[in-house]
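Residue numbers (our numbering), protein chains in the order written: chain A, 19 to 384; chain B, 19 to 384.
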């Protein structure tokens, strides 16, 4: 039996611009091959930085393009952890970011997530109680792993809190453009007019992960530090792929491509929600995100994500257990489901397999 | 006056495969787009790893592909410095590697370079005197910055020394294939049968720097550590560019391309040697490398590379001063010239400009 994956956040093959991207590579090299194939500036291919700067209303000096946005997170984290900053993270939090912070020996402080994003009633006294520099790391829109989003009023409140306590916000936003339902909410970066908020995003979910093009909008006084980190790691990012991507966006292919991805994701989410409603026993709770890749399932009382996962392979379905997204305890009775990769038919079948596991475990626990 | 650059080791635009590479991108996506555009394995695109493994006669498990070989150097250095290893480097040594070692707080011990590579009469007692773990970092062929190469008898002796004193060798070989004169010398990695030597190389000089594809051949027991470093930095390297490069090598374009580059470099080196012989005053010494990108100029007594560089901008020529390649002192009266970028005509003109500066400085010093 082929396993159906709800585990890693990969896009399905039908969501990738396989036909168009090769043509763009050819055109980019014909137009600007001498630049695209040589060493380039540490912060990335200038025409793509300019496109990003214009789209986000910032000066081009504030735009850094990296080989995937995790690389930018790594650089920013190294800088801040080196300066003794306490890092407030969401609980649950994106596991790769957590891993980096842990390896750097960061002072990490988890703040629980409510249905509408980071719990500001917990964050406020935590910020107030900390005397040193603070960084709030958040994925406010279609969060990984929970699929939850911070409401607009709470975005304003978060910014006020950060300002009041001198904290910097690091907004990680790989999924924000993948909204397929509900009303848009402004980015924290926009609401703050670009002040006091660092912004991270990526073309992994809007174009393709295999191109590894991420970017960060940063304060100008951080750019020299970022440049040295680039020089110590990869000299310059991959000019060839950035020039190809620039050709893609210059042809006006970016927005239609995002539209196509949204439609593909909506079908998948709908299939997952319908199957969960059909399959899951009483006492199971899940959210219905308006975009992104993930949803979060709270299992019935006494059912362990880890125990489920131990049987998952044999049952032909995979996912990530909730506990992987917590620093110290939490999420034991939860799992993360990615609806981005499998087809609607596979989702239907996979949730069926998962449902049997959960029902059996719930019966034993009862 | 447009400045003529003998500074950074960039290939000239005519040495880049601008025409062919775009076609390869298109074909790679048509053939394997779903893999090339998605997240991939941390050690790189499997078909390219297989090609490298076969070419170098190692198992594919030992091949790691990174976004440029400096990234692999950074990971390897982090691992070894973390383990308290003393790193023996050549003096002069590639400046970016030195910078990384310095930032990591490595215990760096410089060993002078003779006309035929690292001075083994100095290395031997240094290795013997050190009790802890040792790593010898060397660019044995067409070294950066000096253009010098270690002779075959001395390669055997270096391997014997390393074995006798339990030292590991890190062979960095970006230029080895760019031989345009003289007889080939086997890689240390080959001579050692792949034991006790880690091998680093890159497609930057044999295909194009803008694709940022480097690779390392490593002991299998290091691969898990390397994978975690990849996961913390960029998840997977750029699959799209690796698939494109694989298409390029599969079409048999690699060897002819290297041949074309060799011919282009030979013309440039010959132009530089001829111009140096014509322009440089007595007391100037330079080498005539059989390959690679660089040559090293020892200036007449009393002439400082730094002082020359201060006038270079106005004179319309750039280069790197020798002192930049030393850990603590050395190279003050030397400069590195890259003949890889400028055309033969520009080289002729640029060495003319440089010659005037050196002659004036030598006259003042005399």
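The beta-carbon is built from N, C-alpha and C at its ideal position, and this holds for glycine as well. Keep in mind that this is a model prediction, so the values were computed, not measured.
Residue 31 of chain A has a beta carbon lying within less than 7 Å of a beta carbon in chain B.
Taking 7 Å as the cut-off, the beta carbon of residue 217 of chain B is found closer than this to the beta carbon of residue 189 of chain B. In this structure, residue 194 of chain B lies away from residue 87 of chain B, with their beta-carbon atoms at least 7 Å apart. Counting only residues of its own chain and dropping the five nearest sequence neighbours on each side, residue 255 of chain B has a CB closer than 7 Å to the CB of 62, 83, 84 and 85. When CB distances to chain B are screened at a threshold of 9 Å, the residues of the stretch 217-250 of chain A falling below it are 222, 225, 226, 227, 228, 229, 230, 231, 232, 246, 249 and 250, in chain order. Contact between the stretch 157-174 of chain A and the stretch 121-136 of chain A is established, with three or more Cβ pairs separated by less than 8 Å. Each of B:296, B:301, B:126 and B:167 was checked against the Cα of residue 321 of chain B, and the nearest Cα belongs to B:301.
Assigned with DSSP and collapsed to three states, residue 309 of chain B falls in strand. For a cut-off of 8 Å, the C-beta gap from residue 252 of chain A to residue 230 of chain B is around 6 Å, short enough to register as a contact. Of all residues in the stretch 109-124 of chain A, the ones placed with a Cβ closer than 8 Å to any Cβ belonging to chain B are 114, 117, 118 and 121, in chain order.
With respect to chain B, the C-beta atom of residue 89 of chain A has a partner C-beta closer than 7 Å.
Take residue 359 of chain B, set aside five residues on each side of it, and the residues of its chain with a beta-carbon closer than 6 Å to its own are 23, 28 and 30, in chain order.
In this structure, A:326 is the residue among A:371, A:339 and A:326 with its C-alpha nearest to the C-alpha of residue 379 of chain A. About 6 Å separates the CB atoms of residue 355 of chain B and residue 315 of chain B; that is less than 8 Å, so the two are in contact. Counting other Cβ atoms within 10 Å of its Cβ, residue 180 of chain A reaches 16 or more and is therefore classed as buried. The three-state reading of DSSP puts residue 65 of chain B in helix, counting H, G and I together. For residue 92 of chain B, the neighbours in chain A by C-beta distance under 8 Å run, in chain order, 250 and 251. Neighbours of residue 54 of chain B in chain A, taken as residues at a C-beta separation under 7 Å, are given in chain order as 228.
Residue state for residue 291 of chain A is assigned as helix, using DSSP reduced to three classes. Counting of Cβ neighbours within 10 angstroms places residue 349 of chain A among the buried residues, the total reaching 16 or more.
In this structure, A:346 is the residue among A:283, A:346, A:25 and A:384 with its C-alpha nearest to the C-alpha of residue 116 of chain A. Looking from the CA of residue 289 of chain B, the closest CA among B:277, B:363 and B:238 belongs to B:363.
Interface annotation for the stretch 189-208 of chain B against chain A: empty, criterion Cβ-Cβ distance under 9 Å.
Residue pairing by DSSP places residue 316 of chain B opposite B:303 and B:352 in a beta bridge. With contacts defined by Cβ atoms closer than 7 Å, residue 266 of chain A and residue 259 of chain B do not form a contacting pair. Under the DSSP assignment, residue 115 of chain B falls in the alpha helix (DSSP H) whose first and last residues are 113-121.
Bridge pairing for residue 132 of chain A: A:135 [DSSP]. With at least 16 other beta carbons inside 10 angstroms of its own, residue 166 of chain B counts as buried. Using a Cβ-Cβ cut-off of 7 Å, residue 259 of chain B counts as an interface residue toward chain A, since at least one Cβ of chain A sits closer than that to its own.
Counting every other CB atom within 10 Å of its CB across the protein chains shown gives residue 108 of chain B a total of 16 or more, marking it as buried. For the pair residue 222 of chain A and residue 279 of chain A, the Cα-to-Cα distance works out to about 12 Å. Less than 7 Å separates the beta-carbon of residue 336 of chain A from that of residue 21 of chain A. At least one CB atom of chain A sits nearer than 7 Å to the CB of residue 57 of chain B.
Within the same chain, 187, 189, 206 and 207 come within 6 Å of residue 215 of chain B by CB-CB distance, once the 5 residues on both sides are set aside. According to DSSP, residue pairing for residue 125 of chain A in a beta bridge involves A:104. Residue 40 of chain B and residue 131 of chain B have their C-alpha atoms some 41 Å from each other.
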